[in-house]
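In my numbering, the protein residues as written are 1337 to 1391. Heads up, the beta-carbon is just placed ideally off N, CA and C, and yes, glycines get one too. The structure appears below as structure tokens.
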Ligand SMILES: [Zn+2]
């Protein structure tokens, strides 16, 4: 298995990796929770929520 990656925002070990969009200016891997949060910040009202159950 590959090495464990950490979320660049919350520093948690990421199980299922999410990649940040280029326009977010984030380099690295996000966990589902932070990804969802970022989507909320950057695309208010017009996004499809992922991992809603993690809220
Ligand atoms: Zn995170």
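Asked, Found
"Quick one: is the Cβ of residue 1340 within less than 7 angstroms of any heavy atom of ligand 1?", "no"
"Where does the unbroken alpha helix (DSSP H) through residue 1363 begin, and where does it stop?", "Run containing residue 1363: none; DSSP gives neither H nor E here."
"Check residue 1348 in the structure and name its three-state DSSP category.", "coil"
"Starting from the Cα of residue 1378, find the closest Cα among 1359, 1365, 1367, 1368 and give me that residue.", "1359"
"Who does residue 1341 pair with in a DSSP beta bridge?", "1350"
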